[in-house]
Amino acid sequence: MTGWLSVLVHGTLLGGLYALFAIGLSLIFGIMRLVNLAHGDLIVLAAFVILAVMTSFGVDVLSALLISLPIMFVIGFALQYVILNQTLGRDILPPLLVTFGFSIIIQNGLQEAFSADSQRLAAGAIETASIQLGGGIAVGVMPLLTLLTAIGVIFALNALFYWAPLGRAFRATSDDPLTAQLMGIDNRRIFAIAMGIAMIVTAIAAFYLGIRANFDPSIGPARLIYAFEAVIIGGLGSLWGTLLGGIILGVAQTIGAHINPEWQILAGHVAFLIILILRPRGLFPRAFD
Amino acid sequence: MSLLETRDLTAHYRDLQALFGVNTRLEQGDTLAIIGANGAGKSTFLRSITGLLRGAPWSIVFDGEPIGHLSAAEIMKRGIALVPEGRRLFPSLTVEENLLVGGYGRTGSGHWNISTIYSLFPKLRERRHQASTTLSGGEQQMVAIGRALMSNPRVLLCDEISLGLAPIIIRDIYQALPKIKETGTSVVIVEQDIQQAMKVADRLYCFQKGRISLAGSPAAFSRDEIHHAYFGTQK
Amino acid sequence: MSEPRYRIQTATDATYFLALAGIGLVVILVLLPFFAGRGLVQDLIFVFYMLALAQLWNLLAGYAGLVSVGQQAFVGLGGYMLFAFTVYGGIDPLLAIILAGVVAFLLAFPTALVVFRLRGAYFAIGTWVVAEVYRLVFAQVKPLGGGTGTSLPVGVTNGVFGIDLLREVFGLRTALARDMVMYWTALALAVGTILVVYFLLRSRRGLGLSAIRDSEVAAESVGVDSFRTKLWVYGLTAGITGMVGALIYLQTARISPDAGFSVLQWTAYVIFIVVIGGIGTIEGPIVGVLVFYLLQSYLADFGTWYLILLGALAIAVMLFAPKGIWGFVSARFNLVLFPLQRRLVKIDGKKPEESA
């Protein structure tokens, strides 16, 4: 019995990481109906930014993250303001193809800058520290922190959305971009700020990714797929849904891995497909889309 | 000098021309009524002023400054607010949040804030935390007007605020107009209800097929003249 | 005065000219292997199959509005089916290509059942996920090489129908004969795909497709069954893509899950070709594949920089010239090679007015 309980617990913690991957994607789609095919590669980019800050300034990984947060905000803001804003409109092709192009550029640019070697963010002893949860189950401190951070990020974002003027502006723009302009909301700036915030969450996700596992320039697309699956399983428009979607994905993958390590990723895809067939709008879709 | 003027204003939707050289003026403190049949160009006129349609800089002059080329957000910040046709409240926002977002770009210095809006429209205070979509048509119109007022605009543009509402509700809403004027806001109302428009207007413009067919004080025109200007029928 | 009668005309004066020129070009291409070097023949095989893939992706995305980032699922599937049919079924490779196409066509339907539940960009990623599933599943199939892949035995690659004939009739070496058969098969696939796409778009179903692309709701309101139309186009595209995949891997003679289901080779490059050339036209991918071939020939050695350049080019084209090279040329010089616009023409014996 502890075998399966342990699987559930570890799957849930893995889900926290997937939720962090997915939150940025969910945010951007919610506010500007943009699906960024380079999202996974931006996670990897953030990981390399943290790594570069660590090596250039000789700081520990947490300080590197804090320094990287504004850097990633600026990257996201600029990307949206200068380029992605020009692609928004009725046609779905331009944002898709432009972000796909960016995906290729980022992957290869990172390879040029950092080589294709696997990297890791060194965090010291905490990487392998674990906590006893009782019932004979031990969990890593980092995975636990990952899940707690995901929950914290969602609380913070919801607070922004529901209590802050900027959050009201986001929701208004998401509802009706034209009328939002009449409120003095400059769509282009709002979208850029939203992308900047998404990049901050992405940097946090990269922090946990890089400490937990090896990363290299090519792993972006797989992260995009996990993020996407988490968003779809959870249902469009709900950040808590995205968290749940991540957890379900994490659990499915962990169950698959438990049966046969080669089946981990496939199990996740299968779970995603089953939910897609049975509940195409996800488990907790918002009323309108 | 007029507060707001349009000078030879034209507007196009792709290849279709909707306004053909429209000249109007709004004096400080006045109420302007715009009447005309569907498709005459009234909404296009308002969209041009608010910046949703952009044109030549000097085609619209506000307080002596050219604004025809500015974006909607920029124009709103200067003190021109629109109550859009069909209300267009934000479905994800509550009544109070809709009002608050009206002040996002500009709060202005003036009489209007959340409490004074609730004083103007007491029904809204009861419903402040409800989703805006659960309100009746009349209440939604009040929210839309309140939302526009939150920026303490110098010019309030009202696009067909009586559309789809029962006469008694329309009367209630129009009763708010004098209080709005008291605070120094100049008002432009676009109306299909000619009688209502003429009751409140200091000055009247009639649109017909993208052009002004009548301009002046409402008292100066006979019913026939207005009918003719509205429909373009031959006598 | 009697009512004027009308008919629908798609061809322009230039069309008949160009059709003749096209036939001439195909004849030249058919005869080419007899007097060209092996290098060129092999390069052209690559050009032909990329062109076929590009036409098919363009049909899906540019006409049906289905932007798929997962067509590699059918390329790999076709390749693996070819291996299965030839190695385990003992079937002649050319026949196996056709069978592989049939399998891909059939599997497209359950695939569509899943991915059609998604729209727009989410549909795109959904197709990518499905392709990943195909990849992971085939990596588990040990008889076909599992995760590391497998090669075609020489008996199969040399046993393609026509090779022996060529050797006897023309006294060619086996390797050259094999190249020639592959070349003609690839050419047939490329030309065939273009013709299929062209005549599909000229048909009633094709008109429905264009309507769907412009506005699905409006199309449905005039009776276009958008779901069925998209489903059939998706299936048809998958089937031919499967055939192309089978050809590719017959030519390459070695397959692995990562290669067969490669996003870069079978989607990124294809998208690049269509976007640069001109999406939503039949001429576009032809232009695109030529540009791509040139870039690939001269710059592929630059590895990552080459890919960065491709990505940047695609972005630049999408932002500044969304209709691609052909779109620009065609608008500027009013040129149409594959006329698809339907013109309403009065039947009164006079020449119809040229209207855009």
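Those protein sequences? They're chains A, B and C, same order as listed. All letters in the first sequence, in the order written, are residues 8 to 296 by our numbering. All letters in the second sequence, in the order written, are residues 5 to 239 by our numbering. All letters in the third sequence, in the order written, are residues 1448 to 1803 by our numbering. In this text, a Cβ means the ideal position worked out from N, Cα and C, and glycines have one as well.
Enclosing alpha helix (DSSP H) for Val56(A) [first to last residue]: Start at 1 with the first residue of the first sequence, and residue 56(A) comes out as number 49. Element bounds for Val56(A): 46-64.
What does Gln87(A) touch in chain C if you count any residue whose Cβ is under 9 Å from its own? Taking the first residue of the first sequence as 1, we reach residue 87(A) at position 80. Within 9 Å Cβ-Cβ: nothing; Gln87(A) doesn't reach chain C, min ~14 Å.
Thr54(B) touches chain A at which residues, Cβ-Cβ below 8 Å? For the purposes of this step, residue 54(B) is taken as the residue at position 50 of the second sequence. Result: Leu189.
Buried versus exposed, by CB contacts within 10 Å (16 or more), Val1669(C): Here residue 1669(C) is taken as the residue at index 222 of the third sequence, counted from 1. With a 10 Å radius around the Cβ and a threshold of 16 neighbouring Cβ atoms, Val1669(C) comes out exposed.
Name the residues in the stretch 95-124 of chain B whose C-beta lies less than 9 Å from a C-beta of chain A; which are they? Pro95, Ser96, Leu97, Glu101, Asn102, Leu104, Val105, Gly106, Gly107, Tyr108, Gly109, Arg110
Within 8 Å, strictly: CB atoms of Leu13(B) and Ser52(B): On the second sequence, residue 13(B) is found 9 positions in, with the first residue counted as 1. On the second sequence, residue 52(B) is found 48 positions in, with the first residue counted as 1. Closer than 8 Å, so yes.
Closer than 7 Å, Cβ to any Cβ of chain A: which residues of the stretch 77-92 of chain B, in chain order? Within the stretch 77-92 of chain B, the qualifying residues are Ala77, Met80, Lys81, Leu86, Pro88, Arg92.
Taking the alpha-carbon of Pro1732(C) as reference, which of Ser1598(C), Val1577(C), Thr1462(C), Val1494(C) has the nearest alpha-carbon? Position 285 of the third sequence, counting from 1, holds the residue named residue 1732(C). Answer by Cα proximity: Val1494(C).
Residues near Ala1803(C) in its chain [Cβ-Cβ closer than 7 Å; skip 5 each side]: Taking the first residue of the third sequence as 1, we reach residue 1803(C) at position 356. Confidence is the limiting factor: at Ala1803(C) the pLDDT is only 38, short of 50, which leaves the residue's position unreliable and the question unanswerable from this model.
Since Leu208(B) sits in a beta bridge, which residues does DSSP pair it with? For the purposes of this step, residue 208(B) is identified with residue 204 of the second sequence, where counting begins at 1. Answer is Ala37(B), Gly220(B).
Are at least three pairs of beta-carbons, each pair with one atom in the stretch 1538-1546 of chain C and one in the stretch 1523-1530 of chain C, less than 8 Å apart? yes
Name the chain A residues that come within less than 9 Å of Trp1752(C), Cβ to Cβ? Walking along the third sequence from the start, residue 1752(C) turns up at place 305. Within chain A, the residues near Trp1752(C) are Asn115, Glu119.
Assuming the contact rule is C-beta atoms closer than 8 Å, Arg131(B) and Glu143(B) should be a hit. Round their C-beta distance to whole Å, please. Within the second sequence, the letter at position 127 stands for residue 131(B). Within the second sequence, the letter at position 139 stands for residue 143(B). Yes, Arg131(B) and Glu143(B) are in contact; Cβ-Cβ is about 7 Å, under 8 Å.
So with Cβ pairs under 8 Å, would you call Leu1757(C) a contact of chain A? Position 310 of the third sequence holds residue 1757(C). At least one chain A Cβ lies under 8 Å of Leu1757(C).
Spell out whether any CB of chain C is found under 8 Å from the CB atom of Leu95(A). Locating residue 95(A) in the first sequence gives position 88, counting from the first residue. For Leu95(A), the answer is no, since every Cβ of chain C falls outside 8 Å of its Cβ.
For Gln1502(C), tell me which candidate among Ile1755(C), Ile1720(C), Ala1778(C), Phe1739(C) has the shortest Cα-Cα distance. Counting from 1 along the third sequence, the entry for residue 1502(C) is found at position 55. Here the closest residue by C-alpha is Ile1720(C).
In angstroms, rounded to a whole number, what distance separates the CA positions of Pro1786(C) and Leu1506(C)? Your numbering for residue 1786(C) matches position 339 in the third sequence. Your numbering for residue 1506(C) matches position 59 in the third sequence. Each residue's Cα considered, the two are about 15 Å apart.
Chain A contact residues for Ala1571(C), given Cβ-Cβ distances below 9 Å: Residue mapping note: residue 1571(C) aligns to position 124 of the third sequence, counting from 1. Simply Val42, Leu44, Ile99, Leu103, Phe107.
Look at the alpha carbon of Val1603(C) and the alpha carbon of Gly1609(C), and state the distance between them as a whole number of angstroms. Indexing the third sequence from 1 puts residue 1603(C) at position 156. Indexing the third sequence from 1 puts residue 1609(C) at position 162. Computed Cα separation, rounded: 13 Å.
Could you check the C-alpha separation between Thr1621(C) and Gly289(A) for me, to the nearest Å? One-based indexing of the third sequence puts residue 1621(C) at position 174. One-based indexing of the first sequence puts residue 289(A) at position 282. When rounded, the distance between both Cα atoms is 56 Å.
Within chain A, partners of Trp1713(C) - CB distance below 7 Å: To locate residue 1713(C), count along the third sequence from 1; it is residue 266. The contacting residues do not exist; Trp1713(C) stays about 14 Å from chain A at best.
Between the alpha carbons of His228(B) and Leu167(B), how many angstroms are there, rounded? Along the second sequence, read from residue 1 onward, the residue named residue 228(B) stands at position 224. Along the second sequence, read from residue 1 onward, the residue named residue 167(B) stands at position 163. What sits at residue 228(B) in the sequence shown is Asp, not His. Looking at the two C-alpha atoms, the distance is approximately 24 Å.
Under 9 Å Cβ-Cβ, which residues of chain C neighbour His276(A)? What you label residue 276(A) is simply residue 269 of the first sequence in a count that begins at 1. Neighbours of His276(A) on chain C, chain order: Val1576, Val1577, Glu1579, Val1580, Leu1583.
Quick one: what does DSSP say Thr98(B) is sitting in, helix, strand or coil? By one-based count along the second sequence, residue 98(B) stands at place 94. Strand.
When Ala157(A), Asp124(A), Leu216(A) are compared against Ile254(A), the one with the closest alpha-carbon: By one-based count along the first sequence, residue 254(A) stands at place 247. Taking only the C-alpha atoms, the option nearest Ile254(A) is Ala157(A).
How about Phe295(A): is its C-beta nearer than 8 Å to some C-beta of chain C? Counting from one through the first sequence, the residue named residue 295(A) turns up at place 288. Residue confidence for Phe295(A) is low, a pLDDT of 45 falling below 50, so the modelled location carries little weight; the figure read from the coordinates is stated next. No, its Cβ sits nowhere closer than 8 Å to a Cβ of chain C.
Taking DSSP's pairing of strands, which residues face Pro70(B) in a bridge? The residue given as residue 70(B) occupies position 66 in the second sequence. Answer by DSSP bridge pairing, in chain order: Val65(B).
Look at the Cβ atom of Gly275(A), then the Cβ atom of Ala259(A), and state whether they are nearer than 8 Å. For the purposes of this step, residue 275(A) is taken as the residue at position 268 of the first sequence. For the purposes of this step, residue 259(A) is taken as the residue at position 252 of the first sequence. Taking 8 Å as the cut-off, the Cβ atoms of Gly275(A) and Ala259(A) count as close.
List the residues that DSSP assigns as beta-bridge partners of Leu23(B). Taking the second sequence and counting its residues from 1, the one referred to as residue 23(B) is at position 19. Listed as beta-bridge partners of Leu23(B) by DSSP are Ala15(B).
Per-residue DSSP class, three states only, for Gly244(A): For the purposes of this step, residue 244(A) is identified with residue 237 of the first sequence, where counting begins at 1. Coil at Gly244(A), not helix or strand.
May I have the straight-line CA-CA distance separating Asp223(A) from Glu1667(C), to the nearest angstrom? Here residue 223(A) refers to the residue found at position 216 of the first sequence. Here residue 1667(C) refers to the residue found at position 220 of the third sequence. Going by the C-alpha atoms only, they are around 47 Å apart.
Can you find a CB in chain B that lies within less than 8 Å of the CB of Pro184(A)? Position 177 of the first sequence, counted from the first residue, corresponds to residue 184(A). No, because no Cβ of chain B sits closer than 8 Å to the Cβ of Pro184(A).
Contacts of Pro292(A) in chain B (Cβ-Cβ under 8 Å): For the purposes of this step, residue 292(A) is taken as residue 285 along the first sequence, with counting starting at 1. The contacting residues do not exist; Pro292(A) stays about 14 Å from chain B at best.
Alpha helix (DSSP H) segment containing Leu1685(C), residue limits: Looking up residue 1685(C) in the third sequence gives position 238. One detail in the question is off: residue 1685(C) reads as Ala in this sequence, not Leu. 1673-1699 is the span of the alpha helix (DSSP H), which, as asked, contains Ala1685(C).
Unbroken beta strand (DSSP E) run spanning Asp1661(C), endpoints: Taking the first residue of the third sequence as 1, we reach residue 1661(C) at position 214. Premise fails: Asp1661(C) lies in the alpha helix (DSSP H), 1651-1661, not in any beta strand (DSSP E).
Buried or exposed: which applies to Thr153(A), given that a residue is buried once 16 or more other Cβ atoms fall within 10 Å of its Cβ? On the first sequence, residue 153(A) is found 146 positions in, with the first residue counted as 1. Answer is buried; the Cβ neighbour count reaches 16.
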